[in-house]
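> Pasting a structure here, questions to come.
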Amino acid sequence: MVAEFAKTAPEAVQLAVKQTVAALLGQMPAEVADGAITATGQSLASLFFSMQMTGYMFRNAEYRRSLSTTLAAAEDEMAEAAALPPVKGEITVSLAPGMEAKVDAAAYMAELRSEVEGLRAQLASAREKKAEQPLLAFIQSLPGDEARQLQGGVSSEVLEAMGQLVTSLLRDMNVAPDALTEAPVAKMREVLILQLVQGYKLRELEVRAELKGTFWDQ
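At position 184 of the sequence shown (counting the first as 1) the number is 1191 in this note's numbering, and the numbers step up by one without a gap.
Laid out in structure tokens, this is it:
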């Protein structure tokens, strides 16, 4: 699963995964890390579940950013296609209270179009910069309500799957809820990455199920 994720996931998402794990475990390379982490099974369960929810959030954030970019491009295309009819004659422009002037309508409209195009170019540039920023920075730039929505609406099926994955992992690690266990940092890094990827993939499966229910089960 992790190998497939490395091949198919956007670079921005992969970077977010690495940054998240590095923030938890530090910047020490896995091949030289010889430390260990000691925690109870319950603490590990909470950490693993949190990582799955974070991976779920990353997928939602990437969906949101991709949709915003697509909609912005469509709006720009529609604006360019909506050509205004030619104008002739003169129009009266208010310069100040009590001051008016007559100007050539075609020249005035051309100047307005030029200003609009300049503003549109600035907006497009700002959108491009936002689309290229790291995923974590994109999430942090969202208003509070929008950021919280990235982890909202998780289906009961996904929550159940997350719980089962965590339970299975702790069973494989032979860790009891109240017992202390010690795990090498390098191993813990692998496990945390797996949890992030699982959460990411669960959101993808959830979206596919939603689409199937909307378009194929009618």
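Note that the Cβ used here is the ideal one computed from N, Cα and C, for glycine as well.
As the structure is a prediction and not an experimental result, all values here were calculated from the model.
(1) Roughly how many whole angstroms lie between the Cα atoms of residue 1063 and residue 1011?
(2) Please look up how many angstroms separate the CB atoms of residue 1205 and residue 1172, rounded, as I've assumed it's under 8 Å.
(3) When we look at the beta-carbon of residue 1218 and count the other beta-carbons within 10 Å, is it buried (16 or more) or exposed?
(4) Between the beta-carbon of residue 1142 and the beta-carbon of residue 1069, is there less than 8 Å?
(5) Within 8 Å, do at least three Cβ pairs link the segment 1179-1198 to the segment 1047-1055?
(6) Alpha carbon to alpha carbon, how far is residue 1107 from residue 1095? Give it in angstroms, no decimals.
(7) Could you compute how far the alpha carbon of residue 1194 sits from the alpha carbon of residue 1148?
(8) Measuring alpha carbon to alpha carbon, tell me which residue in 1207, 1154, 1215 is nearest residue 1015.
(9) Go to residue 1110, then tell me how far its beta strand (DSSP E) extends in each direction, as first and last residue.
(10) Rank 1213, 1184, 1209 by C-alpha distance to the C-alpha of residue 1058 and give the top, closest one.
(11) Assign residue 1026 to one of two classes, buried (16 or more other C-beta atoms within 10 Å of its C-beta) or exposed (fewer than that).
(12) What's the C-alpha gap between residue 1201 and residue 1174?
(13) Near residue 1115, what residues of its chain come up, given a Cβ to Cβ distance below 8 Å and the 5 sequence neighbours on each side ignored?
(14) What ranges does the beta strand (DSSP E) occupy inside the segment 1016-1057, keeping only unbroken runs of at least 3 residues that lie completely in it?
(15) Quick check on the DSSP output: what are the complete beta strand (DSSP E) runs of length 3 or more inside the segment 1181-1209, in order along the chain?
(16) Taking the CB atoms as reference points, tell me whether residue 1158 and residue 1060 lie closer together than 8 Å.
(17) Excluding the 5 residues flanking residue 1008 on each side, which residues of the same chain have their C-beta closer than 8 Å to its C-beta?
From the atom records:
(1) 17 Å
(2) Contact between residue 1205 and residue 1172 holds, since their C-beta atoms are separated by about 6 Å, short of 8 Å.
(3) exposed
(4) yes
(5) When Cβ pairs closer than 8 Å are counted between the two stretches, the segment 1047-1055 is seen to touch the segment 1179-1198, the count reaching three or more.
(6) Residue 1095 and residue 1107 have their C-alpha atoms roughly 19 Å apart.
(7) So the alpha carbons of these two residues sit roughly 32 Å apart.
(8) 1207
(9) 1106-1111
(10) 1209
(11) Residue 1026 sits exposed, since fewer than 16 C-beta atoms from the chains shown fall within 10 Å of its C-beta.
(12) Going from the Cα of residue 1201 to the Cα of residue 1174 covers about 14 Å.
(13) 1098, 1100
(14) 1043-1047
(15) 1187-1191
(16) yes
(17) Result list for residue 1008: 1201, 1204, 1205, 1208, in chain order.
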